[in-house]
Amino acid sequence: MWWSSLPSLALAASALASVHDQAVLSTDDPHAGPAQPAKQPNVVFFLTDDQDVHLSSLDYMPFVKRHLLDKGTYFSRHYCTTAVCCPSRVTLWTGKAAHNTNITDVNPPYGGYGRFIEQGFNDKYLPVWLQEAGYNTYYTGKLFNVHTLWNYDSPYPAGFTSTDFLLDPGTYNYLNSTFQRNQEKPKNYEGQYSTDVLAEKAYGLLDEAVQADKPFFLTIAPNAPHCNIHMHSYSDDGNQHETDFGPPVAAKRHEHLFEGVKVPRTENFNPDEPSGANWIRDLKKQNQTNLDFNDNFYRKRLQALQAVDEMVDMLFKKLEAYGIMDNTYIVYSTDNGFHIGQHRLQPGKSCGVEEDIHIPLIIRGPGVGENETTDIVTTHTDLAPTFFNILGIPLRTDFDGAAFPITKRGLQDLAVVERKEHVNVEYWGFAGSEGAYGYGPMDSFNNTYKALRVIGPGYNLYYSVWCNNEHELYDMSNDPGQLQNLLHPSQSHQKHKLLNLPIGNVIARLDSLLFVLKSCKGLRCTKPWHTLHPQGDVTTLQDALSVRFDHFYEVEQKRVVFDRCERGYLPESEGPMWEDSGKAFGGMEMFYRGGLHWSEYV
Ligand SMILES: *[C@@H]1O[C@H](CO)[C@@H](O)[C@H](O)[C@H]1NC(C)=O
Ligand SMILES: *[C@@H]1O[C@H](CO)[C@@H](O)[C@H](O)[C@H]1NC(C)=O
Ligand SMILES: *[C@@H]1O[C@H](CO)[C@@H](O)[C@H](O)[C@H]1NC(C)=O
Ligand SMILES: *[C@@H]1O[C@H](CO)[C@@H](O)[C@H](O)[C@H]1NC(C)=O
Ligand SMILES: *[C@@H]1O[C@H](CO)[C@@H](O)[C@H](O)[C@H]1NC(C)=O
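Mature numbering (1 follows the signal peptide of the UniProt record, and there is no 0) puts the sequence shown at residues -17 to -1, 1 to 585.
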């Protein structure tokens, strides 16, 4: 049956080729031949910090709506794969999953700018590759965590034509930021509003870029709407002594906006019954004092985004004045999402919940549909390959993500080829509260888990395995707020059906998919079903659910299991790996805390 996959693979290749053609042609005429290769296009990339989809922040950004949503395409199923700044940003800039960068935390020893250098990525990431392809590259704002007054020049980030980075300890201090331009000494902006300082720098870099008369890639990375952090003292090993977290700070002119606006009271907001798993399930319901604090925190996020929104407007005015709109892609996204109160969580990120992993992505530019929404499943791991594709640079073979089409025609062509259904989510370490009320001292310490989103025709699922071997499964077609964990011990006796099958049949497939993905590299990350079915006759969960694969999935496959909780990616704590055929696990090992066995589901 191997030949049955050929037509779809061939179509996939031609769809990608046409995406590429159209991107560089910048024409709306689908019959235009490849005769006139246009100038290499420019990119302006807005990268905010901790911006949500589910708290409706985009509804409060009229200029983002006018310039980007109304004139571009909204990617309604875009995900980060590690829901915290530094790992997610490294994934974005390298096109590699966090388990392959091994940059899994914000601070040392497993994360931060120093770790990025140590792991050898300073000459293996997008800005360097863009320069090799003839681009000028510009950056202002936050690059990574623990990029500081003390380590900014040892060495300087490679691959940039001109930069003006936010540095710690001022990165998250809205009224005492420090910026560091090119190879100059850092400059402190005490008393000035950081997003406004950054906006001026962004306009300046755009002017430089246009004057240089070369194709350019400009990244504008404000710290908003991240919480405000005041680091009283700071040591270069990444230990931030005496650090105060507080709500984001608005510019004076926005301080009084949105009076009475509150966190959307969705079904999963501060629910009466505990939800989630592990430490999240132990959280207490929030009292009124806590809710009031968090609602104010929410308003401060919306206020802090207003200065970003104004900057977006001014950038578009400048692009229009320069007459380069028809050859420039404008991309808007963030590093990870945010929760406030869902599942009783305090303000923060780091969790696998939809609020933390599902993030905004909007693209406007030549050939891109206007005022459109696409529901293709895309991730931050796909962004570097996608940028390569848009700019006409041949793809690298070591990307863990895949280029996705962005133009109207490319997305139409995609309707007939194999579509990616999965997002591989992973996390190691600690989950913090950024509000006034914390968690118990150790509660959120073991926040290590692997998870999957699988979205396809007739299914919309979240599956996770925690480092204590608790499992979660949410049927998000019926339970978008992720309130009913179908694998919680209290649910076991019900013998649920899912997708009209015994639930165990579905879990076996999801677990095998996660098993392949948790250590995947390259193509195995984007085409995991091909790894399980090398003949190519299975490309979706739907295909894999066929009864003829019951024995294969339910008996023959190894399971995702942890030996213990670690704060970093220590493979010896994470059970068998796909590559490691020595440790055979059948389908019967203990399945989650509560003592139920795999066999009860099958
Ligand atoms: C965008 O599309 C929606 C419906 O799909 C329509 O109501 C709205 O007017 C459109 N907006 C613009 C600016 O074209
Ligand atoms: C502002 O930041 C600078 C540089 O980190 C620091 O020296 C100064 O004390 C800070 N000012 C305040 C008011 O915290
Ligand atoms: C509300 O909850 C917070 C966080 O648990 C607690 O510190 C505070 O004492 C509570 N306040 C009241 C009035 O119960
Ligand atoms: C975290 O996990 C470690 C190792 O698995 C365990 O020893 C420890 O008790 C756990 N801590 C909490 C607070 O659950
Ligand atoms: C990730 O880094 C940690 C700390 O440096 C190391 O112990 C671990 O083996 C690394 N993991 C992999 C898969 O290389």
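Virtual Cβ for every residue (Gly too), placed ideally from N, Cα, C.
What is the rounded straight-line gap between the Cα of residue i and the Cα of residue j?
i	j	result
Y420	I323	12 Å
P110	D365	16 Å
V27	Y312	6 Å
V314	L344	7 Å
I212	F280	13 Å
N273	D32	24 Å
P91	D309	43 Å
H239	E537	58 Å
G229	Y157	11 Å
T87	V246	29 Å
A233	Y43	14 Å
T120	H37	32 Å
S316	H61	9 Å
C68	Q23	30 Å
K267	R327	7 Å
P70	N83	11 Å
K301	L374	22 Å
E557	K541	13 Å
E539	P198	52 Å
Measuring only from the beta carbon, is residue i closer than 7 Å to any heavy atom that is part of ligand 1?
i	result
N354	yes
D358	no
D53	yes
Smallest Cα separation from residue i: which of the options?
i	options	result
Y108	V538, R379, T523	R379
residue 611	V314, Y446, Q525	Because the chain spans -17 through 585 in this model, residue 611 falls outside it and cannot be assessed.
W262	D296, S333, H237	S333
N134	T144, F148, T123, Y122	F148
K283	A207, G335, F252, F370	A207
R236	H215, E537, A290	A290
T390	P377, F370, S71	F370
I340	L266, V351, A434	A434
V544	W411, W449, E337	W449
T56	H363, G348, P554, G551	G348
E293	C548, G551, R49, Y552	R49
residue 596	A182, H405, D278, G153	Residue coverage of the chain in this structure runs from -17 to 585, which leaves residue 596 outside it and unanswerable.
F29	Y122, Y93, D35, F99	Y122
V351	P45, S427, L52	L52
Who does residue i pair with in a DSSP beta bridge?
i	result
T56	I346, E355
E173	N159
T146	Y122
E409	K433
W449	Y432
H322	G331
F199	N119
Y108	The partner list for Y108 (beta bridge, DSSP) is empty, contrary to what the question assumes.
R49	R49 pairs with nothing; no bridge assigned.
M214	T226
R164	D147
L484	L481
V360	R60
Taking all protein chains shown into account, decide if residue i is buried (16 or more other Cβ within 10 angstroms of its Cβ) or exposed.
i	result
E353	exposed
N171	exposed
D11	The predicted position of D11 is uncertain, since its pLDDT is 38 and thus under 50; a value taken from the coordinates is nonetheless stated next. Exposed: under 16 other Cβ atoms inside 10 Å.
S502	buried
S529	exposed
S216	exposed
D318	buried
H454	buried
G117	exposed
D396	buried
A195	exposed
T131	buried
D255	exposed
H534	exposed
Tell me whether residue i, by its Cβ, gets closer than 7 Å to a heavy atom of ligand 5.
i	result
G94	no
P554	yes
G558	no
Got a sec: does ligand 4 put a non-hydrogen atom nearer than 7 Å to the Cβ of residue i?
i	result
R282	no
R547	yes
F428	yes
May I ask whether a heavy atom of ligand 3 can be found less than 7 Å away from the beta carbon of residue i?
i	result
Y420	yes
T272	yes
Compute the minimum distance between the beta carbon of residue i and the heavy atoms of ligand 2, and state whether it is under 7 Å.
i	result
N161	Reading the sequence as shown, one finds Thr at residue 161 and not Asn. Answer for T161: yes, Cβ within range of ligand 2.
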